[in-house]
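2 protein chains.
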Amino acid sequence: MTTFDSVAIIGLGLIGGSLARDLAALGVRVMAYDPDATRVAAAIRTNVVAGALPESLEGIGDVDVIVLATPVDEAIDILRRVAPRATRAKLITDVGSTKARIVETAHAVGIGDRFVGAHPMAGDHRSGWEASRMGLFVDAPVYLCTNRDVSAEALRLAHAFWRRLGSHPEEMAADQHDLKLAWTSHLPHMVSASLALALARAGVDRGYLGPGGRDVTRLAGSSPEMWTAIALDNAAALEAAMQETEKEIASLRAAIKRADREELNERLGAARRWMEREGGNGANGAGHGNQGQS
Amino acid sequence: MTTFDSVAIIGLGLIGGSLARDLAALGVRVMAYDPDATRVAAAIRTNVVAGALPESLEGIGDVDVIVLATPVDEAIDILRRVAPRATRAKLITDVGSTKARIVETAHAVGIGDRFVGAHPMAGDHRSGWEASRMGLFVDAPVYLCTNRDVSAEALRLAHAFWRRLGSHPEEMAADQHDLKLAWTSHLPHMVSASLALALARAGVDRGYLGPGGRDVTRLAGSSPEMWTAIALDNAAALEAAMQETEKEIASLRAAIKRADREELNERLGAARRWMEREGGNGANGAGHGNQGQS
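Printed below as a string of structure tokens:
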């Protein structure tokens, strides 16, 4: 059974809203809840969403697939409320940038067999229903993370769900996912935000930066609420990655301070070699990427 | 006298090569020297350069304008050699990302009246003759920095030179320029390189990053030689800016470590407000920008 006719989406932000648009276009009946009722109203008015779910989530027992598309901390709270009500759902999933804790929670609340956590590597630094759009997941890698007690049916359905949106699902252990994302996504976000904060404190407006400096600071425009939740959910791995980056800056700075031309040239050369090596699975590979919900 | 018929360019990299292409197209006679003779040969073959200058720079006394387009440390050495030979030049200029030391040097070697240092805010992370192209300076801000003893004629000619290339010259004190650029250009470069180095050390290939992480690390692909010279020439201001950024990362990290949701949300919110404020002279203003030779 890899088909589904109805999907409930909790949270109509960039990711939830874009999912709703694509699913509606595919003929799927989409029900939705968002604490901001104007988002749901807009989605119903444009025929993206068929009906609103109440805050109690009553009625969520009637759909085939449930998607939690909220910041990761809220998703964990909502999952606890969804579990006893999700009587008919064949698949319960989410779209958060961290996976270990929500996968554990699914097991703890008794839906480990039907929960397949997902992390689509799609999005940009904008957020909200207004930024949502069709086709956001086309060619995006999507990491799938599960408990050991996941059913083969739920896993097959998760693959089918994301493939239907044009993306490339790939299974990965939740811990491995979170460690990988700490470096490839969460760290660049925190570095970008830190640079923005240093510039703000120095009174340097962004308008004075050129295209290079703008690139480095772009991620600082991401949603604070979403990234606070991600950082706290992946704290240990992210802290370690941030500390290593501080060391690299301090080390470059020390070389500048002692006018060590050779060392500086060696380090900047190593940075460029890393850039040129590319590696990973390449820019278009299914394993690449991580923009997460950035 | 704001006209010129002949220009000597020392260094046919991205900036020097692009200048040569534009000037040749404007009918200016371009002479050039580059330690890599194949660059000069390629430029002559394509009718961009009219003739090669020898390493001794003999013949440089015959041109109206002399442009030093090498890394900033080399430019200072070359300026000392150029000064006694630049008998006819009405303008001697450079294109480096730091200005205080070269402007001082020009005064010290007795050409302060004819030297107008320039910093065109154009370029990208690529470098070399191969990356050079026509139109690179169109609409780019160009900072002009001089000694007090600069002649009105040299300054007028410097304005005319850059306006003829389509760019927007703006005078600025050399010290002020270097302090500004430490924050808006040199700091983002060092942060981007440091992140690349941390990722390299952790064994994370760039192919695993999404568009966001790729943006943050892009500047790490810049020329190590050029950026070593810039960093050492602007060491004090750059060190201070790097240290402030380390503090911001450490401070975010501490908030994550103690799971201080409110503090983290406040800081990421401040970073986003900085992004949204823009300010400066805006993306298209003459005072914006700094990509320098990045």
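Line order of the protein sequences matches chains A and B.
In terms of our numbering, the first sequence opens at residue 94 and continues consecutively.
In terms of our numbering, the second sequence opens at residue 94 and continues consecutively.
We put the CB at the ideal spot given by N, CA and C, even for glycine.
Distance between residue j and residue i (C-alpha atoms, nearest Å)
i        : j        : result
His218/B : Glu264/A : 36 Å
Ser387/A : Arg311/A : With a pLDDT of 31 at Ser387/A, under the threshold of 50, the modelled position of that residue is not reliable, and the figure given next carries that caveat. Rounded to whole angstroms, Ser387/A to Arg311/A spans 10 Å at the Cα level.
Gly385/A : Ala363/A : Per-residue confidence for Gly385/A stands at a pLDDT of 32, beneath the threshold of 50, marking its modelled position as unreliable; the derived number appears in the next sentence. Whole-angstrom Cα-Cα distance: 27 Å.
Ala143/A : Arg122/A : 6 Å
Thr180/B : Arg256/B : 25 Å
Ile323/B : Gly110/B : 20 Å
Glu337/A : Ala211/B : 37 Å
Phe97/A  : Leu116/A : 10 Å
Leu161/B : Leu288/B : 32 Å
Met281/A : Glu151/B : Inspection of the sequence shows that residue 281/A is occupied by Pro rather than by Met. When rounded, the distance between both Cα atoms is 50 Å.
Glu167/B : Met124/B : 19 Å
Leu325/B : Ile108/A : 45 Å
Arg346/A : Lys273/A : 27 Å
Gly106/B : Arg114/B : 12 Å
Leu361/A : Trp320/B : 8 Å
Ile103/A : Gly314/B : 41 Å
Ile169/A : Asp353/B : 18 Å
Gly306/B : Ala295/B : 15 Å
Leu248/A : Arg207/A : 8 Å
Asn140/B : Val188/B : 23 Å
Asp268/A : Ala199/A : 15 Å
Leu292/B : Leu292/A : 23 Å
Ala130/B : Pro147/B : 10 Å
Pro262/B : Ala233/B : 8 Å
Gly120/B : Ser99/B  : 9 Å
Ser149/A : Leu172/A : 13 Å
Asn377/A : Pro304/A : Residue placement at Asn377/A is poorly supported in this model, since its pLDDT is 34, which falls under 50; the coordinates are not used for a value here.
Leu258/A : Ser225/A : 14 Å
Ala266/B : Asp308/B : 31 Å
Asp392/A : Arg351/A : Residue 392/A lies beyond the residue range present for chain A, which begins at 94 and ends at 387; the question has no answer from this structure.
Ile342/B : Ala343/A : 12 Å
Limits of the beta strand (DSSP E) - the one that residue i falls within
i        : result
Ser99/B  : Ser99 to Ile103
Val235/B : Pro234 to Thr239
Pro262/A : His261 to Glu264
Ala125/A : Arg122 to Tyr126
Thr186/B : Leu184 to Asp187
Ala211/A : Val209 to Pro213
Of the listed residues the options, nearest to residue i (C-alpha basis)
i        : options                                   : result
Val243/B : Ser344/B, Asp127/B and Ile185/B           : Ile185/B
Glu369/B : Tyr236/A, Pro317/A and Gly104/A           : Pro317/A
Glu246/A : Val158/A, Ala199/A, Arg178/A and Val297/A : Val158/A
Ala182/B : Leu172/B, Thr163/B and Ile153/B           : Ile153/B
Lys340/B : Gly305/B, Arg299/B, Val284/B and Asp308/B : Val284/B
Cys238/A : Ala201/A, Arg174/A, Phe254/A and Glu197/A : Glu197/A
Phe254/A : Leu112/A, Gly104/A, Ala266/A and Ala145/A : Leu112/A
Trp367/A : His252/B, Leu302/B and Leu357/B           : Leu302/B
Val231/A : Asn240/A, Pro213/A and Ala330/A           : Pro213/A
Ala201/B : Asn240/B, Arg307/B, Ala215/B and Ala295/B : Asn240/B
Ala251/A : Gly216/A, Gly203/A, Val209/A and Pro304/A : Val209/A
Leu357/B : Ala266/A, Arg173/A, Ala286/A and Leu172/A : Ala286/A
Where the alpha helix (DSSP H) containing residue i begins and where it ends
i        : result
Thr310/A : Pro304 to Thr310
Glu318/B : Pro317 to Asp326
Pro281/A : Leu280 to Arg294
Asp157/B : Neither: Asp157/B is in no alpha helix (DSSP H) and is coded neither H nor E.
Thr198/A : Ala193 to Ala201
Val175/B : Val165 to Val175
Thr277/B : That residue, Thr277/B, is in no alpha helix (DSSP H); it is neither H nor E in DSSP.
Ala224/A : Taken as a continuous stretch (DSSP letters only), Ala224/A belongs to no alpha helix (DSSP H), as it is neither H nor E.
Val133/A : Ala130 to Arg138
Ser111/B : Leu107 to Ala118
Ala251/A : Ala245 to Arg257
Gly300/A : Looking at the DSSP string, Gly300/A is not in any alpha helix (DSSP H), and its letter there is neither H nor E.
Ala364/B : Arg354 to Arg370
Beta-carbon spacing of residue i, residue j below 8 Å
i        : j        : result
Asp271/A : Ala193/A : yes
Ser190/A : Ser278/A : yes
Ser260/A : Val235/A : yes
Trp222/A : Arg132/A : yes
Ala215/A : Ala275/A : no
Leu203/A : Ala176/A : According to the sequence as given, residue 203/A is Gly; it is not Leu. In this structure, Ala176/A lies closer than 8 Å to Gly203/A by Cβ.
Val156/B : Ile195/B : no
Ile349/A : Leu290/B : no
Met227/A : Ala118/A : yes
Listed by chain order, chain D residues near residue i by CB distance under 7 Å
i        : result
Gln336/B : Going by chain labels, chain D is absent from the structure shown, which instead holds the protein chains A and B.
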